[in-house]
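Numbering (our numbering), first residue to last: 10 to 153. Where a beta carbon is used, it is the ideal one built from N, C-alpha and C, also for glycine. Read the structure below first, then the notes.
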């Protein structure tokens, strides 16, 4: 049962990431009208799935750590979101070394958006997995 909660929380976090992209204008909110839903739904789902895959290198260890230790700190998930944003920026950024060193305004914009997306996703996971549907308490002598 806990595995289903983890998967649902991860799916919710991926959806939250896409919502943040819409709020920042990276996905045109005008294209989200009901008459275009047939076009935007696959884009939205594909974007959420892609983001979920990119986040796996940080998400899996964080989820395992928190499930094994039962540490459910929002600060831990905030740190994981920031680490994920750094990883995603490094993997997806096409900026030259000079642009990164000079910290051009468009670089800052992208850093802020990617950080907001990753932090929102991470904290959404924390909220769903640890506040909405927390694990049952361990029986005495069980686990770590």
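Residue burial is scored here from C-beta neighbours: residue 30 has at least 16 other C-beta atoms within 10 angstroms and is therefore classed as buried.
Taking the C-beta atoms as reference points, residue 101 is found no nearer than 8 Å to residue 128.
Where residue 134 is concerned, the enclosing alpha helix (DSSP H) starts and stops at 114-135.
Here residue 141 is exposed. Its C-beta has fewer than 16 other C-beta atoms within 10 Å. Counting C-beta pairs with one atom in each stretch, the segment 132-148 and the segment 66-83 have three or more that are closer than 8 Å, which means they touch. By alpha-carbon distance to residue 53, the top candidate from 69, 74 and 28 is 28. Here the alpha carbon of residue 86 sits roughly 6 Å from the alpha carbon of residue 132.
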